[in-house]
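FYI, full-length UniProt numbering numbers position 392 of the sequence shown as 392, with every residue one higher than the one before it. Here the structure comes first, spelled out in structure tokens, and everything after it is commentary.
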Amino acid sequence: MEVVDIARWQFGITTVYHFLFVPLTIGLTLIVAIFETLWLRTGRPEYLRLTKFFGKLFIINFALGLVTGIVQEFQFGMNWSDYSRFVGDIFGAPLAIEGLLAFFLESTFIGLWVFGWDKLPRALHAACMWIVHLGVLASSWFILAANSWMQHPVGYEFNAETGRAELTDFAAVMFNKVQLVTFPHVVLAAYMTGAAFVIGISAWLYASKRHGSRVDDDGRDAGAPDREMYRKSMRIAGVLMLVSGIGVAVSGDIQGKIMTEVQPMKMAAAEGLYETAESCAPFSVLTIGTPDGREEKFALTVPCLLSWLGAGSFDAEVKGINELRETYREEYGTDPGAAYYTASEYVPNIPVTYWSFRWMMGFGVIGAGGAALVLWLTRRRNDGARLPSWIGRVGIGLPIALAAANSFGWIFTEMGRQPWVVFGLMTTERGVSPGVSVTEALISVVVLTALYGVLMVIEIGLLAKFTKKGPEPFVEPPDPGSPDHDQDAPMAFAY
């Protein structure tokens, strides 16, 4: 095993782990802001209870996500110093803006929201969470802009003397065609994730005898005052999840067409398309190839669908793996000493790319279908009729499905780009730190994986602990806008 293999495993493990927290943070900021706004507009106690309850779970997730995200920055210097040197001039601006503007904006207003319940006017307090949401969106924009540049480098020139890519057009990097479709796709998927989490928690509490589904000794409904509150939260989150799911499908379709244009090998690998289809390219339902990815053995396909997905026309040509391999060899060469070092194959791991693409879509469809089922089950307001007891199990399955969809989506995005770390400019093999030994790399991946395992136990434990408690009973909060309110009272931690 070489250093590059260990470094790739480490970055893959830590990145996928970190991204379990990111979409949940984005989605929960929106949903908590919606709940608090509904409380301000209606004055209904259940919306304040839901605001504080899911706000508490959001803070837990944000704190753990912050810790895991810091490691990403260090990895660039530890294991990927040559890559950092190559892209530093491009990435410096967006990542600095993300840290100094977006992240500080999030952190400041999260603090105001947590400590300001008894200090800020109610409308201003609710606005704090909306500003937090805008902050996480801005953070996502700058980070995704950097990642989109790795997929489709623009706005730069290569300096042969320094061996670096140098920024020439900041706007081109910020509004990269890949970025313009990746951002809505990722954010809408995050909304689905946050909504799935709310549905899952609400459904579990609804089905719980302790909270929502109380029965007497004869097994009859004994009344559950919180059941309607959980039904409402499931419906609000279900609508958001279903609408976002439609947006994910539309943006994903556009993203597929752009990917076919700028990274045709990724699309060919995702479909197991070995030979170029001059027209009417088939969409693969199931393809089995040789282990080395050079030959198709069996394929179950839908005629012409891939041409439409890739280019918007059933008669469009879609290039296959074998032709693209030869094209890239001619374009980039096979000499390890070339100025732009490139590999000789230019083909990603086809089984990983192929199946991660399908698991991403499959789990996303399962999530959208689950949201539709929940909306149908909760369509009527009838306090005398309980929802089926299995809704708790369905609800818990939704956030798991969305977490899997997000993870497989990023695995597909990054693995499908291989062997490039920056498409067409630098291979992953050339980006690794030259001064790191196999032993050092192995120690770091073991230590970080163990640390992340401990953090996962803490995360699940905290979420389970506060979820089991359920929303706190309603207590009318003081109104800082009231003339009787003590403005000199010390700030207090709300949780």
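Idealized CB from N, CA, C, for every residue including glycine.
Inset, instruction - Note down the Cα distance separating S213 from R227, rounded to an integer number of angstroms. - result: Here S213 scores only 49 on pLDDT, less than 50, and its place in the model should not be relied on; the value that follows carries that caveat. A direct Cα-to-Cα measurement between S213 and R227 gives close to 7 Å.
Inset, instruction - Below 8 Å on the Cβ atoms is my guess for W204 versus G392; work out the distance and round it to an integer in Å. - result: About 5 Å separates the Cβ atoms of W204 and G392, confirming a contact at the 8 Å cut-off.
Inset, instruction - Starting from R380, follow the beta strand (DSSP E) in both directions and report where the run begins and ends. - result: Where R380 is concerned, there is no enclosing beta strand (DSSP E), given that its DSSP letter is neither H nor E.
Inset, instruction - On a CA-only basis, which of L38, F62 and Y156 is nearest A127? Give me that one, please. - result: Answer by Cα proximity: L38.
Legend entry - Residue(s) in a DSSP beta bridge with W141: According to DSSP, which records beta bridges pairwise, W141 is partnered with nothing at all.
Legend entry - Local conformation of L120 per DSSP, three classes: L120 falls in the coil class under three-state DSSP.
Legend entry - Beta carbon of Y332 nearer than 8 Å to that of P419: Judged by beta-carbon spacing, P419 lies beyond the 8 Å limit of Y332, meaning their Cβ atoms are not closer than that value.
Legend entry - Identity of the residues DSSP links to R164 by a beta bridge: For R164, which the question treats as bridged, DSSP gives the partners N159.
Inset, instruction - Determine the direct distance from the alpha carbon of P23 to that of K119, and round the result to whole angstroms. - result: If I take the Cα positions, the gap works out to 30 Å.
Inset, instruction - Would you check if the distance between the CB atom of K177 and the CB atom of R417 is smaller than 8 Å? - result: No, Cβ-Cβ distance for K177 and R417 is not below 8 Å.
Legend entry - Counted within 10 angstroms of its Cβ, other Cβ atoms place R8 as buried (16 or more) or exposed: Looking at its Cβ environment, which holds 16 or more other Cβ atoms inside 10 Å, R8 is buried.
Legend entry - Proximal residues to S251 (C-beta, below 7 Å), its chain only, five neighbours per side dropped: Taking C-beta separations shorter than 7 Å and ignoring five residues to either side along the sequence, the partners of S251 in its chain run V181, P184, H185 and L188, following chain order.
Legend entry - Limits of the unbroken alpha helix (DSSP H) element including V187: K177 to A207 is the span of the alpha helix (DSSP H), which, as asked, contains V187.
Inset, instruction - Please state whether DSSP places F363 in a helix, a strand or coil. - result: Here F363 sits in helix by DSSP.
Legend entry - At least 3 beta-carbon pairs within less than 8 Å: the region 101-112 vs the region 130-143: Yes, they touch.
Inset, instruction - Can you say whether M1 is buried or exposed, counting buried as having 16 or more other CB atoms within 10 angstroms of its CB? - result: Exposed, by the Cβ-count rule.
Inset, instruction - Specify whether the region 194-202 and the region 236-250 touch according to this definition: at least 3 beta carbon pairs, one from each stretch, less than 8 Å apart. - result: Touching, yes, given that three or more Cβ pairs across the two stretches are closer than 8 Å.
Inset, instruction - Starting from V243, trace the alpha helix (DSSP H) both ways and give me its first and last residue. - result: Per DSSP, the unbroken alpha helix (DSSP H) holding V243 starts and ends at R227 to V262.
Inset, instruction - Identify every residue that forms a DSSP beta bridge with S284. - result: T301, per the DSSP bridge assignment.
Inset, instruction - Let me know if L461 comes out buried or exposed under the rule of 16 or more other beta-carbons within 10 Å of its beta-carbon. - result: One detail in the question is off: residue 461 reads as Gly in this sequence, not Leu. It counts as exposed.
Legend entry - Opening and closing residue of the beta strand (DSSP E) in which V421 lies: Segment W420 to V422, the beta strand (DSSP E) holding V421.
Legend entry - Helix, strand or coil at M426 according to DSSP, with G and I counted as helix: Strand.
Inset, instruction - Give the single residue among E275, T467, A316 and A249 whose Cα lies nearest to the Cα of V365. - result: When each option's Cα is compared against that of V365, the closest is A249.
Inset, instruction - Pull up the distance between the alpha-carbon of D216 and that of G369, whole angstroms please. - result: At D216, the pLDDT of 44 sits below 50, so the modelled position is not reliable and the matter cannot be decided from this model.
Inset, instruction - Starting from V136, follow its DSSP beta bridges and name the residues at the other end. - result: Partner(s): none; V136 has no beta bridge.
Legend entry - N159 burial status per 10 Å Cβ neighbour count (16 or more: buried): Burial call: exposed.
Legend entry - According to DSSP, residues forming a beta bridge with A277: Answer is V318, bridged to A277.
Legend entry - Contact set for F62: own chain, Cβ-Cβ below 6 Å, skip 5 residues either direction: Contacts found: T25.
Legend entry - Simplified DSSP state of G337, which is helix, strand or coil: Note that G337 has pLDDT 40, beneath the 50 cutoff, so the model's placement of it is unreliable and the number below is only indicative. Residue state for G337 is assigned as coil, using DSSP reduced to three classes.
Inset, instruction - Take the Cβ of L20 as the centre, count every other Cβ of all protein chains shown within 10 Å, and call the residue buried at 16 or more, exposed below. - result: Buried, because 16 or more other Cβ atoms sit within 10 Å of the Cβ of L20.
Legend entry - Coarse secondary structure for M1, derived from DSSP in three states: If DSSP states are grouped into helix, strand and coil, M1 belongs with coil.
Inset, instruction - Can you give me the Cβ contacts of P399 inside the same chain, cut-off strictly under 6 Å, excluding the 5 residues immediately before and after it? - result: For P399, where only same-chain residues beyond five positions count, the Cβ hits under 6 Å are A196, F197 and G200.
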